[in-house]
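Line by line, the protein sequences give chains A, B and C. The first sequence begins at -15 in this note's numbering and counts up one residue at a time. The second sequence begins at 545 in this note's numbering and counts up one residue at a time. The third sequence begins at 97 in this note's numbering and counts up one residue at a time. Even for Gly, the Cβ is constructed at its ideal location relative to N, Cα and C. This report concerns only the one structure given below.
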Amino acid sequence: MGIQEQYRSEAAELLSSGEVKLVIGFGAGSTADRRRPLFARTPEESEKLVLDQNCIANLTTYLVAGGLLTDGKKVAVFLKPDGIRSLNILIAESQVKAEQVVIFGFAIENNEVTPLEGRSISDFAKLGEKLRTATPPPSVQEEAERLEAMGSSGRFEYWKEQFSKCIKCYACRQACPMCYCRRCIVDVNQPQWVSTSSHTLGNFEWNLVRAFHLAGRCAACGACDRACPVNIPLRLINYRMGKEVKEAFDYFAGESSDQNPVLASFRQDDPETFIL
Amino acid sequence: MTRILPKNKLDDCIAAWQKAGFSVLAPVQRHGMSSFGEVQKASEMALDLILTERTIKDHFFPQTEPLIKYKISKHDIDSETMTPPERKRIFFGVRPCDASGLEIDDPLFGWDYKDDYWFRRRENSVIVSIACSEADDFCMCTSVKLSPDSTRGADVMLRPLSGGNGWQVEAISERGTALCDTVSSLLQEETAQAAPLPRVDGKFDVEKVMEWLADKENFESRFWKDISMRCIGCGSCTFLCPTCHCFDIQDEGDTYQGIRRKNWDSCSFALFTMHTSGHNPRNAQSTRWRQRIMHKFNYYQGKFGVNSCSGCGRCTRQCPVDMGITETLQAITNLPR
Amino acid sequence: MSESFEPKIVAFVCTYCTYAGADLAGTSRLKYAPNVRIVRLPCTGRISPMFILKALQKGADSVLVSGCHPGDCHFAAGNYHARRRWTVFRALLAFTGIPEERIRFSWVSAAEGAKFADLINEITEETKKLGPFTQYQELQKAIETQSSY
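Written out as structure tokens, the structure reads:
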């Protein structure tokens, strides 16, 4: 039995026994290679679940949307390793209770889907360590290094061009599982810290605030980057922030579900080479 | 015999138009995004794109636009109206769906108040459409009663020749005729076949959809919740839509001076209908999605006699969670009656 | 840079240490560059990165953020939290093209009036060498003109 069939039947069992109220997985999309989030509430609906190499979205986003988990009931969700990282962060930040989430874990390597052992977040403790030492995608690393080598005025020009494309549709925010603030700072108007207008200056403000708020909280799932309709390479900023917290504080976001959020904690001997 | 614009005369065309005082805008691929941008040479144009990621709406109704500049002093308020520049522009290589989008929005901007910002730009622009030679899975113009060579909203219609080395030229409006006259020496009289149009299959039955939407019983239907469950509430579908036109007026500045701006707004945002009191009449994503569909295929039709959709399919093509108008309207078409 | 360029420096300081340090510099009659505008806040932990961004947008040529030495925070740990935030924010600004030299961080205690005066003099001199910070101001100016399309 393939992994898709195995997970389908397990999902059907969980739903029919009432163990979970909902299974969040993937279904067929509008084209042959698109997959879309699918919400199965009955065993029959779970027959529509699809699992293949095109299932790349990070579905943890839905766990924190619309008060889904406020009734205390359980939900099952299909997660890749980056999704498991996100879930770790959400649990560490007390947004999700570990016992409310059943995980259907899978990994995609060389277009092959393989199952990940375990159904509860505690089963994935080893995965965090493994991910910490994994090398980031070379394309991202190389591009970030190319920017680093540019010098600050070159980098400014680069981001000015990129951010001038931004239309403030907030797809990056909405697609991100970590952007769960009830009221995002851009939606706060007293005082209006971030201008609502999407001129380049306002776009700089928004993109910097977003990146800063995700520093040390980003699971590098790439949801924001894929969601961006104007192709701003948000992955580069996220990568740079992840690198900073790793180098400065030896911190890897989402490594475990009980780590202290990096910017909400400190060590007395944190580095401070730049402080006069 | 038809009039032909040979591809190798395009550079001369651009030069002639520029000489006549026009800026020429065409599909371009810049900084990793396709949109309409100013060009100097034909080689800068990306005419092979099925559709640019951004629409030409951006150049008539920009994402942010200053309206007035103001200064508040002890006794006075000084304000200065900021009007868009009068600039003659040619939009070359517009797809029929985008061109239709402009015409769909005209009545909205000219209804009870004539929006100078929109019409100044409209009146100074000439739309040169090129019929599509390719369509993708998301194109749906035929479902909204348009076609890959619809002339709606166009001043000049170009139809690609089957050999690929030029276009048949048809002036649609007076403005289009005048534009063709400026380059008449570059056009040739020839017998040349136009390339066949791409097939765009009907995806839904818009009449059935409108009928269902008009039934008040369906406003509170469970359908809306089910269809929009995966919507994450971003504004990419509205901002990339050639006909979406909602905006917000914002004062940006400090206590003593600032600029009043007109910014795009989206019915997908929770904040769109949020009251000062904190009450939100559209407090769930399903009600916002319903608004989007109702506005396009019911309210707009009721007010202006036309649906606010030109079938470009960007809403689905670019949706982060693979939603969009097509799926919803398909589902409505297939609902049991 | 021309001789006449007088940089604007905005200093976000905590009220318990650096502000008191600046006060001491004043009462000790120490002379330092008049280019600094001080914004007093309860604690460095209260200094939002937005403050720095806004200062740079609205005309600052350099920004100084300063508070109590580690261990001295009136609120016990505000400066430790701030330190982590600065580390990350500094990297972010640098990556998006704001020269690191434009944003300075320091610890100045209530007893270090002389350090404060020296620091301001030094930052003023260095900012003079760097010249005006125009990148954000140009974007700010662009807002105030009618969009070209």
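Opposing strand residues paired with residue i [DSSP bridges]
i: Cys110(C); result: Leu137(C)
i: Leu160(C); result: Ala107(C) and Arg200(C)
i: Lys615(B); result: Asp622(B) and Gln801(B)
i: Val59(A); result: Leu6(A) and Val85(A)
i: Val670(B); result: Ile634(B)
i: Ile92(A); result: Val97(A)
i: Val700(B); result: Val672(B) and Ala715(B)
i: Ile259(A); result: Phe201(C)
i: Asp795(B); result: Arg804(B)
i: Ser567(B); result: Arg633(B)
Alpha-carbon to alpha-carbon, residue j and residue i
i: Cys788(B); j: Glu647(B); result: 12 Å
i: Met773(B); j: Ser78(A); result: 24 Å
i: Ser644(B); j: Arg666(B); result: 13 Å
i: Met545(B); j: Thr735(B); result: 5 Å
i: Met97(C); j: Asn827(B); result: Only weak support exists for where Met97(C) lies, its pLDDT of 48 falling under 50; the coordinates are left without a value.
i: Leu247(A); j: Asn222(A); result: 15 Å
i: Arg130(A); j: Lys752(B); result: 54 Å
i: Ser578(B); j: Tyr844(B); result: 29 Å
i: Phe62(A); j: Asn217(C); result: 58 Å
i: Thr117(A); j: Trp561(B); result: 59 Å
i: Asp209(A); j: Tyr115(C); result: 42 Å
i: Leu595(B); j: Arg201(A); result: 36 Å
i: Lys104(C); j: Ala187(C); result: 23 Å
i: Leu591(B); j: Phe605(B); result: 23 Å
i: Trp833(B); j: Asp234(A); result: 43 Å
i: Leu815(B); j: Gly226(A); result: 31 Å
i: Pro228(C); j: Val727(B); result: 49 Å
i: Ala758(B); j: Leu218(A); result: 42 Å
Own chain residues within Cβ distance below 7 Å of residue i, not counting five before or after
i: Ala91(A); result: Lys64, Pro65, Thr98 and Leu100
i: Glu624(B); result: Ile612 and Lys613
i: Ala76(A); result: Ser241, Asp242, Gln243 and Pro245
i: Gly13(A); result: Arg19 and Arg20
Reference residue i; option with closest CA among the options
i: Ser(-7)(A); options: Gln243(A), Leu22(A), Glu31(A) and Pro255(A); result: Glu31(A)
i: Gly(-14)(A); options: Asp36(A), Phe196(A), Ile75(A) and Val7(A); result: Asp36(A)
i: Lys806(B); options: Leu591(B), Phe813(B) and Gln794(B); result: Gln794(B)
i: Lys225(C); options: Ile134(C), Ser158(C), Ala118(C) and Pro145(C); result: Ser158(C)
i: Leu34(A); options: Arg25(A), Leu218(A) and Gln(-12)(A); result: According to the sequence as given, residue 34(A) is Val; it is not Leu. Nearest C-alpha to Val34(A): Gln(-12)(A).
i: Gly777(B); options: Val850(B), Glu796(B), Pro610(B) and Cys811(B); result: Cys811(B)
i: Gln712(B); options: Gly697(B), Leu730(B) and Asp656(B); result: Leu730(B)
i: Asn95(A); options: Asn38(A), Ala(-4)(A) and Glu29(A); result: Asn38(A)
i: Phe147(A); options: Arg157(A), Val214(A) and Glu132(A); result: Val214(A)
i: Leu260(A); options: Pro130(C), Tyr128(C), Pro166(C) and Ile239(C); result: Pro166(C)
i: Phe813(B); options: Ser821(B), Thr799(B), Arg639(B) and Gln835(B); result: Gln835(B)
Contacting residues, own chain, Cβ-Cβ under 6 Å from residue i (five flanking each side not counted)
i: Arg858(B); result: Leu784
i: Ala715(B); result: Val700, Thr721 and Cys724
i: Asp866(B); result: none
i: Lys57(A); result: Lys5
i: Pro550(B); result: Gly710
i: Thr860(B); result: Phe682, Gly868 and Thr870
i: Asp749(B); result: Thr877
i: Ile299(C); result: Nothing can be reported for residue 299(C): it is not among the residues displayed for chain C, which extend from 97 to 245.
Beta-carbon proximity list for residue i, same chain, < 8 Å, skipping 5 on both sides
i: Glu228(A); result: Ala199
i: Leu879(B); result: Trp756 and Phe767
i: Val59(A); result: Val4, Lys5, Leu6, Val7, Ile8, Leu47, Leu52, Leu53, Gln84, Val85 and Val86
i: Thr210(C); result: Per the sequence shown, the amino acid found at residue 210(C) is Ala instead of Thr. Around Ala210(C): Ala121, Ser124 and Leu126.
i: Ser510(B); result: In the structure displayed, chain B extends from 545 to 881; residue 510(B) sits before or after that span and is not available.
Heavy atom of the ligand NAP within 7 Å of residue i beta-carbon
i: Gly645(B); result: The ligand NAP is absent from the structure shown, which contains no ligands of any kind.
**Q.** chain B contacts from the region 138 to 150 of chain A (Cβ-Cβ distance under 7 Å)
**A.** Glu145, Gln146 and Lys149
Q) If you measure beta-carbon to beta-carbon, which residues of the region 842 to 874 of chain B are closer than 8 Å to chain A? A) Thr860, Gln862, Pro864, Val865, Asp866, Met867, Gly868, Thr870 and Glu871
**Q.** the region 173 to 187 of chain C: positions lying closer than 7 Å to chain A by Cβ
**A.** Ala173, Tyr176, His177, Arg179, Arg180, Arg181, Thr183, Val184, Phe185, Arg186 and Ala187
Q) Going along the region 228 to 240 of chain C in order, which residues come within less than 8 Å of chain B, judged by CB to CB distance? A) Ile239 and Glu240
Q) Can you list, in chain order, the residues of the region 195 to 219 of chain C whose Cβ is nearer than 7 Å to any Cβ on chain A? A) Pro195, Arg200, Phe201, Ser202, Trp203 and Leu215
Q: Compile a chain-ordered list of the residues in the region 147 to 163 of chain C whose CB is closer than 8 Å to at least one CB of chain A.
A: Leu149, Lys150 and Gln153
Q) If contact means a Cβ-Cβ distance below 7 Å, which residues of the region 789 to 808 of chain B contact chain C? A) Ile803
(Q) At a CB distance below 7 Å, what residues from the region -14 to 1 of chain A approach chain B? Give them in sequence order. (A) none
Q: May I ask you to list, following chain order, the residues of the region 769 to 784 of chain B that have a beta carbon less than 7 Å from some beta carbon of chain A?
A: Met773, Arg774, Ile776, Gly777, Cys778, Gly779, Ser780, Phe783 and Leu784
Q: Give the residues from the region 152 to 176 of chain A that approach chain B closer than 7 Å (Cβ to any Cβ), ordered along the chain.
A: Cys153, Tyr154, Ala155, Gln158, Ala159 and Asp171
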